[in-house]
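Just so you know, the protein sequences line up as chains A and B, in that order. Heads up: the first sequence begins at 488 in the working numbering, then just goes up one per residue. Heads up: the second sequence begins at 80 in the working numbering, then just goes up one per residue. Let me begin by presenting the structure, written as structure tokens, before commenting on it.
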Amino acid sequence: MGKEVQILEDVTVRFAGDSGDGMQLTGSQFTNTTALFGNDLSTLPDYPAEIRAPAGTLYGVSGFQLHFGSNDIKTPGDSPDVLIAMNPAALKVNIKDLKSNAIIIVNTNAFDQKNLKLAQYEKNPLEDDSLKGYTVIPVPLSQLTANALEGSAISNKEVGRSKNFFALGMMYWLYNRPIEPTILWMESKFKNKPEILEANKKALSTGYYFGETTELFTTRYHVEPAKLEKGFYRNVSGNEATAIGMVAAAVKAKLQLFLGSYPITPASEILHELSRYKSYGVKTFQAEDEISAICAAIGASFAGDLALTTTSGPGLALKTEAVGLAVMTELPIVIINVQRGGPSTGLPTKTEQADLLQSMFGRNGEAPVVILAASTPVDCFYMAFEASRIALKYMVPVILLTDGYLANGSEPWRIPDPDSLPDISVQFRTEKEGYYPYSRNENLSRPWAIPGTPGLEHRIGGLEKANIYGTVSYDTENHEIMCKLREEKVNKIALDIPDLEVTGDLDADLLVVGWGGTFGSIAEAVQRARKNGYKIAQAHFKYLNPFPKNSAEVLKKYKSVLVPELNLGQLSHLLRSEFLIDVVQLNKVQGLPFKSIEIEERIIEILGGNNGK
Amino acid sequence: MANNESAVSQSEVKLTAKDFSTGQDVRWCPGCGDYSILAQMQRTAPDFGMKKENIVYVSGIGCSSRFPYYMDTYGFHSIHGRAPAIATGVKLANPELMVWVATGDGDLLSIGGNHFIHACRRNIDLKILLFNNRIYGLTKGQYSPTSEKGKKTKSTPFGSVDYPFHPISVAIGSGATFVARSLDREPKHLQAMMSRASKHTGIALIEILQNCNIFNDGAFELYTEKDTKADNVVVLEHGKPLVFGKNNEKGVRLNGFNPEVVSLEDGKFSLDDLWVHDEFDPDPTRAFILSRFIDNNALPLPIGIFMQIQKTSYDADVETQINNIKTSRGEGDLKSLFFDGNTWEVA
Ligand code: SF4
């Protein structure tokens, strides 16, 4: 029976249900299959803050969003085209985000009195007209799964759990994707549980054929593969990419990687990932607290390791004094802050970009550090590598800012040839002749002479150092010289980083400038507005201290500069004070990424709303 | 721990105390007990069996923490309280180094307390010299976490109302595997403790009662002055009974869990009745009882090794685990790392 097939350029799907409904798994299976199918994509999970929230409650809803297409996909999508709601709470929590004509697939069996009450629905939304405008597809998922698995050897509870695979099968049919990749995955995942394997396989395929036969679906959708660059790909989250980037940096620096870390959301996955990489010689130290984590890293750096500490905003606050010690002792260390909503404990599972000024200024004394920010999940790999390169070459602490959105979001990574990554190895000082702990090379960096090197025994520490000789010095003029040297060293790094690149219409009146994790939303907004005839230029900062050397020139070229950021204006503040220009702020602190439409609307507002003509 | 490379080979000229001196002006107050500790370390260090480039001294903040500047080895004068954490990183990065921590009672037990107890718990191979003068010296005289209750200082003009820590008890309670006490005024004894600590694998704490002649002068007089010391100090020696007194006429007997001083002169008790010290006792209970003698004025102050037990050290276990994984899985290369997980090809 022929169903209509509609070709779409891109689709945003959100799976939502109870924490126990397996939505993350369903979402990641759909993602893997979609990647194999050849679409470009971007994903974002949304976990409840509570570890085990009671079933059926609003705050126990767990979601997974996937945006895939035949074009270049830059974000996990503003608003879903399709919502799969496994219960009333999932519907209630997510409905406000949907496109106005979205498809809503609901598990009608979960819409009983108890669940409706838990979701604080007075009436069953499936039975009144509150969902008018949406295409609601009511599927008795639990019932259909139970029917399909009748006579199977597994318990009722396990049958209940299989319904997500039924839903997944249905989605595979709807979007015309094969079920085989998930079957393969099941065969390895459940290899020791043959009954469960059989049941899940059956639920998946029954779901698929249900799509085919039911009259509920009249249309099937097709999204062509994207034109991706040739090569091998894998899907990585920002945190995974960060961890891999650090290992790659250590290998290319020919150093042992040392991570000192204390568990903190949303940075812990970097610790988890690196703890798995022992065969690469990675040493991970789960410290007793944030301070110990960075101090151990500083000690490891003193002893000659590529030293790393990972944290989030509250942890960076605790590490502050030790960052100053790294500045004073001029030891290389990479500090990764996966930003989350603040201040204080704030919104641990939500994203924000509000630690830029903390990174820039949050230390006593004149204590400049290099600050980098990753722009996409995949970029976390390259920026972790770059942070290591700079730290080692200049003997400085480098703060790399990522955020919860990048950390948990994922996208396909075109796997690079390891040989294409640059050699970033450094020479330890071994030559005794003319050695002084604080002498400097052309980069103003001091020699790295590690314990174990005969004849170079020396002492360093947090007290001010005599220029060149490195002995303790209370000399007032020396202090000024040293403060300036430390600043100059960081500033000079501007000569060793890429220029700020401008894309879009270089001759536009408006430049949209972002930094870090907002890249995708801004790029999408700019692209759409340009398609509609507006002239816009875009630039994105990945280097925030020092700024790229052409920054002033770029910023001063445009009549208006719009700065969207997920804080109350931190980059705007830096741009104004550094370049004496005014900028238009666009700020959001809701713990959520920008929707590209929010940026697009602001662009149109600035440009007068008539296609700039 | 000292492997062949880091150990001094036999043929080399033996180092002397002078080789370990940086020759820098020492900046402690004249008469400070720290001078003696430095001198004993410089005298003992040549016997550690290590090349001096393989020895690192890490300190925090306080008078004691200037120590690394005077030892001609690698040194790190870090920030307040963090020496055990920095030292942990140094040792993990290069387990072949011998890493010492020089610290004080405020540094180690107040601001750095958390790092101290966790270093003990992990049994990482660090040797900690705790300069305990029971006062804040560098900040000019406030009471410290080891000051006795009621102490009048600048910040407690009416007497402190908090109870002190006993560092030895804290160390034992936290799982330390080598715990000792000595005095700045007992150079030979202090040297022996340093030397014994240097041979221990795992965490070693030496609490050194140190006189701050500026802000807490005479705090340990009872234990150091000729006429009082014999009656107030008992030297712990493995396998020997706890005997003290000018004429060795007193002893300590363990009555159940209660230590008590008995006379060896009145015929009631003989040496056979006394507590015989066993520093290798795997059960830390007795060592803990010894660590509380200080609460009871009737009991003498024990100095020496309270306990030492053998356990694998954290740093060694970290190495072993990595080596085992490398052996079983093979050494990782970037290609396998990049391709770890679900990959697909776009042709
Ligand atoms: S203040 Fe006390 S502890 Fe500090 S150097 Fe002077 S005498 Fe020694």
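Ideal Cβ placement from N, Cα and C applies to all residues, glycine included.
In whole angstroms, give me the CA-to-CA distance for residue 506(A) and residue 640(A).
When the Cα atoms are used, residue 506(A) and residue 640(A) turn out to be separated by approximately 25 Å.
Measure the alpha-carbon distance for residue 728(A) versus residue 551(A) and round it to whole angstroms.
When rounded, the distance between both Cα atoms is 19 Å.
Does any heavy atom of the ligand SF4 sit closer than 8 Å to the C-beta of residue 234(B)?
Relative to the ligand SF4, residue 234(B) has its C-beta separated by 8 Å or more from all heavy atoms.
Relative to the ligand SF4, is the shortest distance from any of its heavy atoms to the C-beta of residue 292(B) smaller than 8 Å?
At least one heavy atom of the ligand SF4 sits closer than 8 Å to the Cβ of residue 292(B).
Which of the residues in the stretch 803–825 of chain A, read from start to end, lie with their CB under 9 Å from any CB of chain B?
Answer in chain order: 808, 809, 811, 812 and 816.
For the alpha helix (DSSP H) holding residue 284(B), just list the boundary residues, first then last.
It is not in any alpha helix (DSSP H) - residue 284(B) instead sits in the beta strand (DSSP E) that spans 283–288.
Cutoff 9 Å: residue 1005(A) Cβ touching any chain D Cβ:
Absent from the structure is chain D; the protein chains it does hold are A and B.
For residue 237(B), the nearest candidate out of 243(B), 244(B) and 229(B) (CA to CA):
Comparing Cα positions, the closest option is 229(B).
Does any heavy atom of the ligand SF4 sit closer than 8 Å to the C-beta of residue 113(B)?
Correct: residue 113(B) has its Cβ closer than 8 Å to the ligand SF4.
Cβ-based contacts, 9 Å cut-off: residues of the stretch 345–374 of chain B near chain A
Going along the stretch 345–374 of chain B in chain order, one finds no residue with a Cβ nearer than 9 Å to chain A.
Could you tell me if the beta carbon of residue 143(B) falls within a distance shorter than 8 Å of some heavy atom in the ligand SF4?
With a cutoff of 8 Å, residue 143(B) counts as near the ligand SF4, since its C-beta is closer than that to a heavy atom of the ligand.
Pull up the distance between the alpha-carbon of residue 910(A) and that of residue 775(A), whole angstroms please.
Cα to Cα, residue 910(A) sits roughly 34 Å from residue 775(A).
Give the secondary structure of residue 89(B) by DSSP, where H, G and I count as helix, E and B as strand, and everything else as coil.
Note on residue 89(B): pLDDT 47, under 50, position unreliable in the model; the coordinate value appears next. Residue state, collapsed to three classes: coil.
Test: residue 540(A) CB closer than 9 Å to a CB of chain B
The C-beta of residue 540(A) comes no closer than 9 Å to any C-beta of chain B.
Within 9 Å (strictly less), CB to CB, does residue 138(B) reach chain A?
Contact of residue 138(B) with chain A is assigned, a C-beta pair being separated by under 9 Å.
Does any residue of chain A have a CB that is nearer than 9 Å to the CB of residue 166(B)?
With respect to chain A, the C-beta atom of residue 166(B) has a partner C-beta closer than 9 Å.
Could you check whether the Cβ of residue 945(A) sits closer than 9 Å to any Cβ belonging to chain B?
Yes, because at least one Cβ of chain B sits closer than 9 Å to the Cβ of residue 945(A).
Within the 9 Å Cβ cut-off, does residue 490(A) reach chain B?
So no, residue 490(A) is outside the interface.
Can you pull the chain B neighbours of residue 721(A), defined as C-beta to C-beta under 9 Å?
Those are 417, 418, 419, 420, 421, 422 and 423, listed as they occur along chain B.
Regarding residue 1057(A) and the ligand SF4, is the C-beta to nearest heavy atom distance less than 8 Å?
Outside the cutoff, so no.
Evaluate residue 318(B) with the Cβ neighbour count: other Cβ atoms within 10 Å of its Cβ, from every protein chain shown; 16 or more gives buried, anything less gives exposed.
Exposed, by the Cβ-count rule.
So which of 739(A), 1018(A), 663(A) and 647(A) has the shortest CA-CA distance to residue 871(A)?
Here the closest residue by C-alpha is 739(A).
Check whether the Cβ of residue 782(A) sits closer than 8 Å to any heavy atom of the ligand SF4, and report yes or no.
The answer is no for residue 782(A).
Under 7 Å by beta carbon: chain A residues contacting residue 151(B)
Within chain A, the residues placing a beta-carbon under 7 Å from that of residue 151(B) are 944, ordered along the chain.
Buried or exposed (CB count within 10 angstroms, at least 16 for buried), residue 830(A):
By the neighbour-count rule (16 or more Cβ atoms within 10 Å), residue 830(A) is not buried but exposed.
Starting from residue 887(A), trace the beta strand (DSSP E) both ways and give me its first and last residue.
Where residue 887(A) is concerned, the enclosing beta strand (DSSP E) stretches over 884–890.
Return the residues of the stretch 512–536 of chain A that lie within a Cβ-Cβ distance of less than 8 Å from chain B, sorted by chain order.
Within the stretch 512–536 of chain A, the qualifying residues are 519, 522, 523 and 525.
Using DSSP with H/G/I as helix, E/B as strand and the rest coil, what is residue 683(A)?
In the displayed model, residue 683(A) falls within a helix according to three-state DSSP.
My guess is that residue 879(A) and residue 934(A) are in contact by the Cβ rule of under 8 Å, so how many angstroms apart are they, rounded?
In fact, because the Cβ distance is near 13 Å, the residues do not count as touching under 8 Å.
Could you name the residues of chain B that residue 941(A) contacts, counting a contact when the two beta carbons are closer than 8 Å?
Residues of chain B passing the Cβ test: 130 and 132.
heavy atom of the ligand SF4 below 8 Å from residue 140(B) C-beta:
Residue 140(B) Cβ: outside cutoff for every heavy atom of the ligand SF4.
According to DSSP, what are the bridge partners of residue 1027(A)?
In DSSP, residue 1027(A) forms a bridge with 1001(A).
Other residues of its chain near residue 492(A): CB distance less than 7 Å, five sequence neighbours each side excluded
Within the same chain, residue 492(A) has close Cβ partners 707 and 709.
For residue 221(B) and residue 215(B), the rounded distance between their alpha carbons:
Going from the Cα of residue 215(B) to the Cα of residue 221(B) covers about 5 Å.
Taking contact to mean at least 3 C-beta pairs separated by less than 8 Å, is the stretch 388–397 of chain B in contact with the stretch 679–695 of chain A?
Too few Cβ pairs lie closer than 8 Å, so no.
Residue 574(A), enclosing alpha helix (DSSP H) - first and last residue:
Counting along the chain, residue 574(A) falls outside any alpha helix (DSSP H), and DSSP gives it neither H nor E.
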